[in-house]
Amino acid sequence: MKNVKKTTNNGSFKSIGELIDLLKRGSIGKSTVWFRGQSVAKWKLQPSIMRPPHSFDDEVVLLKRFKQNAVSLMDAVPTSEADWLFLMQHHDVPTRLLDWTESPLVSLYFAVGPSGDSKHDSEDAALWCLFPHSLNHMVGVRMDSTHDIPSFGHEDVLDGYLPSRAAGIKSASPKPIALIAPRPFRRLHVQQGVFTLFHRNPIPLEEIVDDYGKSPHIVKFIIPASAKPKLRQELQLLQIDRLALFPELENVAARILILKK
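First residue of the sequence shown: 0, per numbering that gives the first Met the number 0; consecutive thereafter.
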């Protein structure tokens, strides 16, 4: 398998209706697809531990420190390194996990930002579509069923991706893999969260190509900067807001204040 940079822009949309039309085309509507929204289109598909100022070498230290300070605050302490990894991701600690969702509307929310958030409004956004089975096949993961996706505790192939196993490896390492996991947190459940897991190979997901120089596992749609306000309004109309995706008391106020307007 070659590692040749590949650009995968497959169109653009300015409304949810146009997004639905795009998703109906080709194989997207007929396959298992995961989605990820990024508010700046040029950002790479890399996990937070790979983004400056962080690196993979930081991860074991972060894991140890997180455990040190988190245990006394928890009713149920994770029993495996994988569970700790997902807990860290849930609480915004840099990890080798990259979040995806099974819902295009959830990903769109993260692409255009919540109502009132105009930090990246001058930049085009991106909505990525990932075919997890295609990715896993490309990187050499073989399952008993063609419809299956690996999960910690069930498939040993994931164990080598754990921070303690991957730490210190400088030679060529496995490429990212798509996986599913239990959803013990309400936020993860409502966001329909799924993941890609990186080893120490720094290649972004969109730059992985097959022997023909193609990227059949990934599709990228551009959201023009000018369309962000309208898309926020459409999401708000559908009640895809912060409370829906972060069902916590502090977000109740945001919804009721919007309803008052």
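Even for Gly, the Cβ is constructed at its ideal location relative to N, Cα and C.
Keep in mind the model is a prediction, meaning the values are calculated, not measured.
Item	Value
Nonlocal neighbours in the same chain, by C-beta distance under 6 Å from Glu-233, ignoring five residues either side	Ile-15
Separation of Ser-121 from Leu-256, as counted between CA atoms	26 Å
Ser-102 versus Pro-77, Trp-33, Leu-44, residue with shortest Cα-Cα distance	Trp-33
Assigned secondary structure, Arg-35 (DSSP; H/G/I helix, E/B strand, else coil)	strand
Sheet register partners of Gly-192 (DSSP bridge)	Thr-100
Supposed contact pair Leu-62 and Trp-83 - C-beta distance, whole angstroms, cut 8 Å	6 Å
Cβ-based neighbour list, Pro-246, same chain, cut-off 8 Å, excluding 5 preceding and 5 following	Arg-185, Arg-186, Val-189
Within the stretch 135–189, ranges of the alpha helix (DSSP H) (whole runs, at least 4 residues)	162–165, 185–189
Beta carbon of Trp-99 nearer than 8 Å to that of Thr-195	yes
Alpha-carbon to alpha-carbon, Pro-228 and Phe-241	Before going on, a small fix: residue 241 reads as Arg here, not Phe. Their Cα atoms are separated by approximately 16 Å.
Same chain only: Cβ atoms within 7 Å of Val-251, ignoring 5 sequence neighbours per side	Leu-242
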